[in-house]
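Using my numbering, the first residue of the sequence shown is number 9, and each one after it goes up by one. Report on the following structure.
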Amino acid sequence: MNTLVWIQREFRTTALPALQAALSEAEKSSGKVMVAYFHDENQVIGEANNVWLSYSLLQLKADFTALGGQLCMVEGEFSSMLNQVIADYQISKVVYSFQVGTPFEQMQQQALEVCKHKKVVLQPFYSEFLVPAGEFLNKQHKPYLVFTPFYNALMKQSHLIQPIEESVGDIGLTLKLKLKDKHQTWLSLPMNLQNLIALPWAKKIMQSTQVGEQQAWHKLQQFLKDDLETYQTDRDFPSLLATSGLSPYLNFGQINSSVIYYYLQSLMEEGHLKSEYVMPWLRQLVWKEFARHLLMHFPDTENAPFQAKYQSMHWQMDEQIIQAWQQGKTGIPIIDAGMRELWQTGNMHNRVRMLVASFLTKNLNQHWLAGKSWFDNTLFDADPANNVMGWQWVAGFGVDAAPYYRLFNPVTQSVKFDGKGEYLRQWLPELKHLSNKAIHNPWEYTEECRLKSIELGKDYPQPLVDLKQSRAQHLERVALMKTAS
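Here it is as structure tokens:
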């Protein structure tokens with residue numbers, strides 16, 4: 009019996025139950041195993057995500073090769089290529105790790121249809137969740153809609169968090185299945201990904217970044233050693249780089265949440281780490297879990313507000329304004345710094361993500377889907393569940409959302425979390441000579457700007473909107489919408 013291990017976002021060679029099951033069965037039955045990633049250019053998340061994907065595929069291929077195994081990278085329309093693999097290699101079973109959101113749900117449905125037609129067994133594994141998807145419900149047997157009760161229940165029932173065995177077996181077994189001559193290209197990176205990472209922009213955003221399972225563990229160890237104890241106090245300050253930086257590695261399954269959980273538990277039990285430092289960071293890991301559960305239960309929220317009454321919200325949808333926001337040319341320094349960091353690095357500090365999302369949806373009155381789409385296209389860690397939950401939370405109509413009347417004041421936030429302007433100066437060099445006071449809101453320090461030879465509207469944009477006025481207009485829009493509904 010030949011088994012296909014279909015890789016989606018599980019770019020690791022350890023702690024992967026789908027791979028372990030396939031290799032174990034092959035050893036018992038003398039069957040063969042193919043491990044394959046299917047690249048359908050019409051079913052991807054975004055460009056920056058694809059850059060990380062490309063480097064990750066190359067690293068995973070190298071990891072498989074080092075272990076005496078083989079990774080295939082199949083390019084083409086997913087359904088037809090899956091059909092071809094099953095037919096050409098006598099596949100009788102397909103195993104995969106279940107994922108949520110677009111494009112994974114659509115591809116999983118296509119896989120179900122192909123396997124049903126070919127009379128092939130299709131078996132999902134839920135290793136990318138801390139607890140079994142769809143089974144972790146509240147006392148009313150309904151999904152949790154508020155994070156804190158979800159988190160508290162999970163911690164009280166932590167025995168439900170599924171431990172994952174690290175060893176997957178003999179990866180060398182994947183070499184037994186010989187590729188046909190016409191499929192030798194499957195051992196190389198798909199051509200459209202090769203073209204992507206050859207672009208100067210792609211090379212630039214990856215120039216100081218390493219991917220892969222080994223690097224993920226290295227980053228975790230460094231974080232636990234250097235930054236864990238100060239995480240709770242420093243994580244909101246964008247210039248401090250006080251977070252783990254593990255988000256894209258988690259997103260691509262180069263390190264697994266359950267494995268991290270049990271690793272942290274063992275370190276605490278052995279006295280190497282204190283729970284008072286571990287739990288605030290672990291709480292953030294559970295946010296990712298919460299987002300995945302929500303999207304699995306409410307898939308329509310990818311494109312529509314969870315709170316249906318906000319469906320009638322009037323959005324301006326001005327392409328020039330959206331473009332100014334995308335390019336970091338809004339005239340609000342903390343917003344522009346965040347958007348430029350995003351474009352140049354594929355990353356953005358979490359506090360700043362909230363600020364730019366609030367500013368786009370509430371001050372600029374632009375559709376949240378325009379922001380979500382830009383994040384999808386430019387973030388390394390673009391994750392369907394996290395992205396949807398984040399944008400709906402900030403906009404005020406998701407589950408457990410920030411109140412609609414809460415607008416982050418970007419100047420106040422900038423002063424609070426970047427008081428010395430270090431983050432601003434890093435991404436806005438045209439403002440670097442301004443004082444620590446003026447750099448947060450230069451339009452109120454026109455004389456200092458003149459003395460420093462900074463002409464607003466030329467060297468740096470005038471603000472797109474008046475912050476106080478745009479806040480009042482947002483509250484008016486929401487009031488009108490509530491009256492209409």
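Quick reminder that beta carbons are idealized off the backbone N, C-alpha and C, glycines included.
Close Cβ partners of residue i (< 7 Å) along its chain, the five nearest in sequence each way excluded
i, result
"residue 270", "171"
"residue 344", "336, 337, 338 and 436"
DSSP three-state assignment for residue i, whether helix, strand or coil
i, result
"residue 306", "coil"
"residue 47", "strand"
"residue 157", "helix"
"residue 163", "helix"
"residue 82", "strand"
"residue 288", "helix"
"residue 42", "strand"
"residue 269", "helix"
"residue 468", "strand"
"residue 171", "coil"
"residue 216", "coil"
"residue 237", "helix"
Pair within 7 Å by beta-carbon distance, residue i and residue j
i, j, result
"residue 572", "residue 224", "Nothing about residue 572 can be read from this structure; the chain reaches only from 9 to 493."
"residue 396", "residue 309", "yes"
"residue 99", "residue 12", "yes"
"residue 379", "residue 470", "no"
"residue 294", "residue 272", "no"
"residue 110", "residue 313", "no"
"residue 425", "residue 244", "yes"
"residue 103", "residue 30", "yes"
"residue 483", "residue 431", "no"
Residue range of the alpha helix (DSSP H) that includes residue i
i, result
"residue 94", "86 to 96"
"residue 101", "No alpha helix (DSSP H) contains residue 101, which is instead part of the beta strand (DSSP E) from 99 to 105."
"residue 132", "Unbroken run through residue 132 is the beta strand (DSSP E), 129 to 133; no alpha helix (DSSP H)."
"residue 458", "454 to 459"
"residue 342", "341 to 353"
"residue 6", "A question about residue 6 goes unanswered here, because the residues of the chain that appear run from 9 up to 493."
"residue 411", "Segment: none, residue 411 is in no alpha helix (DSSP H) and carries neither H nor E."
Selection from the options that minimises the alpha carbon distance to residue i
i, options, result
"residue 319", "212, 329 and 406", "406"
"residue 20", "239, 264 and 122", "264"
"residue 447", "466, 427 and 465", "427"
"residue 139", "124, 166, 148 and 314", "166"
"residue 83", "236, 202, 74 and 315", "202"
"residue 146", "302, 482, 336 and 25", "302"
"residue 467", "31, 491 and 440", "440"
"residue 134", "196, 142 and 90", "142"
"residue 45", "465, 74, 34 and 85", "85"
"residue 92", "188, 73 and 383", "188"
"residue 105", "158, 126 and 25", "25"
"residue 113", "33, 198, 16 and 34", "16"
"residue 238", "252, 491 and 18", "252"
"residue 317", "231, 101, 486 and 279", "486"
8 Å CB neighbourhood of residue i in its chain, flanking five on each side removed
i, result
"residue 204", "55, 58, 59, 62 and 210"
"residue 185", "10, 40, 41, 42, 78 and 97"
"residue 442", "429, 450, 453, 456, 457, 460 and 462"
"residue 28", "173, 175, 176 and 177"
"residue 332", "338, 469 and 472"
"residue 419", "340, 342, 448, 449 and 475"
Residues near residue i in its chain [Cβ-Cβ closer than 6 Å; skip 5 each side]
i, result
"residue 153", "407"
"residue 362", "402"
"residue 372", "329"
"residue 346", "356, 360 and 364"
"residue 71", "21"
"residue 376", "369, 399 and 403"
Continuous beta strand (DSSP E) stretch holding residue i: start and end
i, result
"residue 11", "10 to 15"
Any non-hydrogen atom of the ligand GTP within 6 Å of residue i CB
i, result
"residue 285", "No copy of the ligand GTP appears in this structure; indeed no ligand is present at all."
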